[in-house]
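What follows is a short report on a single structure.
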Amino acid sequence: MLRIALLLSLFLLFLGMSQGLMAEVARTKRADAATLNVAGSLRMLAERYTRETNLALVGLSQRDWDLLLEERSAAQLTARRFHESVSALLVGGTVEQGGLQVALPAMRDPDLMGSLRALDERFRELEHAGVLALRAERSELTDNPHIDSIQQQSGEFVEEMDQYVARLQRRSDQTLERLRWLQSGTLLAGLGLFAVLLLFVYHRVVLPLDTSVRAVRRSEEMHRALFEGAHVGLWQVSGGRFVRANRLAADLFGGAEPAELEGRTLEDVLGAAAAPLREQLAGGSAVREYELALPGGAGGLRRLALSASRAADRDLIEGTVVDITPRRRAEAALRKTQARLLESAHRAGQLHIVSSLVECSQALICVKDARGRILSINRRFAEVLGARERGELIGRTDAELFPAEVAERFRALDRQVLEEDVSLESEDVFPGPDGPHTYLMQKFPLKDATGAIHAVCGIATDITERKRAEEALRLMSDTSRRLASSLDFEVTLDTVGHLLIPSLARTCVLLVQEPSDEGGSHWRTVFADADSEHERRQRARGLEVSPEQLSRWLAAVRDGRGECAPTRVPSPDAPPAWVTPLRVRGEVLGLYVLYPEPGRAAYSEAELALIEEVSQRGGLAIDAARLYRRSREATQAREEFLSIASHELKTPLTSLKLHLQSVEREAMRSRPAPDSERITRLLHLADRQLNRLREHIDNLLDVSRILTGRMELSFEDVELSEVVGNVFAGLDDELSRGRIPIRFEQDGPIHARWDRPRIEQVVANLVGNAIKYGEHRPVLVSARARDDRVWLMVQDQGPGIATKDRERIFQVFERAVRGTNISGFGLGLYVTRQIIQAHGGSIQVEDTPGGGTTFVVELPVDPASPTEPAGGRYPPELDSGEESQATC
């Protein structure tokens, strides 16, 4: 921005210098004209003095004393005026000229001043000769020798005075010529500097901005891919209707595409299962697993497990869906297989087969009598409880083996099975040698030959890994949803800090590198804690990480595997922490420091992998938010610059155009014909370049108005042929230089309510493109009206536009042919389409028969009340049989 301001200041400086030189030309011209008038009057005064002296001598010779006195007084007055004029020319002053007071500047040329003083001395000699002639003796009156001297000196003086005036005229012409050339050079230098300014803006503002916009688009596509590529179904319901779902969720809910699911209610999708789900969510708690059955393919049922939560501040339900049909089928098949094996073993008397299966099973199997005493257990059950011999556990109760709370829960389930003769299924946590494990427990009654219940059998399957996988899937789904919810940088930092709280950590310290105002970088710290009050207090204190602590963390992640990797760091003043680098595009963007709950077991390999995956997604989200913030700032800076620069540059360009016209008039008036024609050609060339700059500035201003939503239209009655005629008149010089034939055809007068200046701009842009790319071949502009719509066609016979480029050319800064020497920023067609769409119309690109391009514009006659969508009909043919009017 500083370089742009410097170039703009230099341009305005050159413009000011040009204005100053023009004022100097005018002032010098007025001063030289006054000096020449006064110098010319000196010759007249010398001749008058000679005439008055001769008349006085006549009065003396004829003894006419009145004539003598009158003419002598007039001669003295003439001499005094002569000397006053000479003094004013030398030192400056005011002289009466033709009844007016004329101000003269002081003469600065030593040569001219010396010549003027010599002329003043010659005039004094003429005065002296006149005085001597008037003082002659009576005898000399008839033959006065001074009379001839007066005549000779007067003639010589007049001749010298003419030479002096000619020298003044030449010196004035030379001065004015130098000033004019200096002014023209200043103007041309200013124009060159302005062209450099436009190129600098394009390379330093427009191109980087385009790169930032593409980076934001890539980030949005990445987030969309994360959402669609999740291994679980993700869905959102707002206002009771589905608003978003990925492809897996749509498939599980029975829809072929996510779009078919959007807009449907929970009742439409879940049926009767929607009401219980709503009731559970109304209680304010999240639903961890809600199982339901929906119709599936081939007429069967598909069993789904839903998890959902409701946002506290808005009517939004978010959740996941997993197909558990295979798991349920496997469990049902297992039960059937067990029943068949038991029945077969009982019938065949081969109970040892069942015993072998029970013994080798990885599930925990236990049989208890009606009083809760253990009758039989398998080997895996004894291993989990840490018993060396199974006999140590036979006859013992749950109260002797488990904590009181767990034992009471188990005993309640046993009583329910015995009393109600039912099978129960539940999930519970057992302590194990390597920590607590989650088990899927199945309890069912055992009956004797008479059908009486005499024992309870329990089978517990270890589903710890499955629960961890489900929790990881839920966490990743929640991570993707939360990271995709906002691109605001501050919100993203806070979201990333809370991703693993409280599921895997109690406290998180997020450190992100950010550029500082001094040109370096500093570490931004974000503190997150499971206790919101503690988090608020720490943030209020402005928690900062000490340089020593930061150095330890950085060294740990670098030394872990020879590169940045998750590493456990024992800190002397804090509990053990886990540090994970936020790596984006091979560079460390920041650090993700986790403090687990006190007493928690060390993270497993799966949990470490999950932490690293979440941290990397968080790093990508932070990088995307940072790019989004930069693009927003760059976009805002670009809009402000385009708006300010366009307005600020139009004023000096108008003044510059007036100055060029003034210089052209001066050149035509004061220079010889060959020189004036050459200067006029140069000035016309500068004027054309100036008009081109003005068009570029107008396009930039229009783009700024369009992007900021400030383009306004003023509708009025418009006759299309008048608009086209005005455009042709404005392009007359360009058409004449290129000898390009152009004509306009229409079916009679076409009247409509449009914004006249904007429609003229549309026609001018399309005709200008046809001239630039038409290779100096004929251009045809035609118009047709049918019912309430108007079609305008502009045809050229140029190289044409490829089909793949016909949509691209209407984008900002895009051109039909890249890398050519044809000037332009690629804004004309973009502005043209926006104006046409603002009128409720459309524009299309087609091939011209025989080669070339045809732009077809369709507009409603009255944009305030369109009766058919734009682009809905094809323009009527030119050979429709109706009479056409053509103008050239």
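With my numbering applied, the sequence shown covers 814 to 1701.
Just so you know, even glycine gets a beta-carbon here, dropped at the ideal spot from N, CA and C.
Model, not experiment: these values are computed from the prediction.
CA nearest to the CA of residue i, picked from the options
i       : options                            : result
Thr1024 : Gly1403, Gly906, Arg1443           : Arg1443
Gln1624 : Thr1616, Gly1613, Gln1610, Gly1641 : Gly1641
Leu1324 : Leu1317, Ile1314, Arg1337, Ser1316 : Arg1337
Ala946  : Leu903, Glu865, Thr891             : Glu865
Met830  : Thr1138, Trp994, Leu1061, Phe1055  : Trp994
Arg856  : Ser886, Asp845, Phe970             : Phe970
Leu1306 : Ala1318, Val1322, Leu1317          : Val1322
Arg1287 : Phe1257, Ala1651, Ala916, Ala1121  : Ala1121
Ser1364 : Met1254, Ser1549, Gly1403, Gln1093 : Gly1403
Gln1175 : Ala1099, Asp1275, Ser1239, Arg1222 : Asp1275
Val1537 : Arg1602, Pro1249, Ile1555, Asp1546 : Ile1555
Ala1677 : Thr891, Ile1190, Asp924, Arg1566   : Arg1566
Val1033 : Leu1356, Arg1116, Val1427, Tyr1441 : According to the sequence provided, residue 1033 is Glu. The question's Val does not apply to it. Among Leu1356, Arg1116, Val1427, Tyr1441, the Cα nearest to that of Glu1033 is on Tyr1441.
Val899  : Glu884, Ile1272, Leu1061, Leu917   : Leu917
Thr1133 : Glu1156, Arg840, Pro1139, Ala1099  : Ala1099
Inter-residue spacing [alpha-carbon to alpha-carbon] between residue i and residue j
i       : j       : result
Ser928  : Tyr977  : 7 Å
Ala1369 : Ala1118 : 41 Å
His1311 : His1347 : 14 Å
Arg1349 : Ser1293 : 25 Å
Gly1005 : Leu1506 : 12 Å
Asp1342 : Thr1320 : 4 Å
Asp1227 : Ala1146 : 24 Å
Arg1413 : Val1045 : 28 Å
Arg1439 : Pro1021 : 16 Å
Arg1017 : Leu1011 : 10 Å
Glu1232 : Val1242 : 24 Å
Trp1604 : Phe1541 : 19 Å
Arg1193 : Gly1271 : 13 Å
Leu826  : Leu1473 : 17 Å
Glu1073 : His1036 : 22 Å
Pro1108 : Ala1043 : 23 Å
Leu903  : Leu925  : 9 Å
Ala1212 : Ala1220 : 5 Å
Residue(s) in a DSSP beta bridge with residue i
i       : result
Glu1671 : Trp1604, Ser1655
Gln1474 : DSSP lists no partner for Gln1474.
Tyr1252 : Asp1241, Asp1275
Pro1328 : Ser1334
Pro1021 : DSSP output for Pro1021 lists no bridge partner at all.
Asp1136 : Leu1117
Phe1257 : Cys1270
Asp1342 : Thr1320
First through last residue of the alpha helix (DSSP H) which encompasses residue i
i       : result
Phe1055 : Per DSSP, Phe1055 belongs to no alpha helix (DSSP H); it is in the beta strand (DSSP E), 1054-1058.
Thr1305 : 1302-1310
Thr1277 : 1277-1297
Arg1550 : 1545-1551
Lys1617 : It is not in any alpha helix (DSSP H) - Lys1617 carries neither H nor E in the DSSP assignment.
Pro1071 : 1071-1074
Leu1579 : 1569-1586
Leu1226 : 1217-1233
Asp1211 : 1211-1214
Pro923  : 923-947
CB contact check: residue i to chain C, cutoff 8 Å
i      : result
Ala844 : No chain C is present in this structure, which holds just one protein chain.
Residue i: first and last residue of the uninterrupted beta strand (DSSP E) it sits in
i       : result
Val1592 : 1592-1599
Phe895  : Unbroken run through Phe895 is the alpha helix (DSSP H), 878-904; no beta strand (DSSP E).
Phe1243 : 1237-1243
Tyr1408 : 1400-1408
Ile1187 : 1187-1190
Ala1085 : No beta strand (DSSP E) holds Ala1085; DSSP gives it neither H nor E.
Arg1101 : 1100-1108
Gln1559 : 1555-1559
Ser793  : Because the chain is modelled from 814 through 1701, residue 793 falls outside the range shown and cannot be assessed.
6 Å Cβ shell around residue i - same chain, five flanking residues per side excluded
i       : result
Asp1609 : Ala1583, Gly1587, Val1592, Gly1665, Thr1666
Thr863  : Ser967
Val1575 : Thr1645, Ile1648
Lys1280 : Thr1251
Val1082 : Phe1066
Closer than 7 Å: residue i CB and nearest the ligand SAM heavy atom
i       : result
Leu1083 : The model depicted lacks the ligand SAM and carries no ligand whatsoever.
Beta-carbon contacts of residue i that lie in its chain and below 8 Å, excluding the five residues immediately before and after
i       : result
Ile1187 : Cys1179, Val1180, Lys1181, Leu1206, Ile1207, Gly1208, Arg1209, Thr1210
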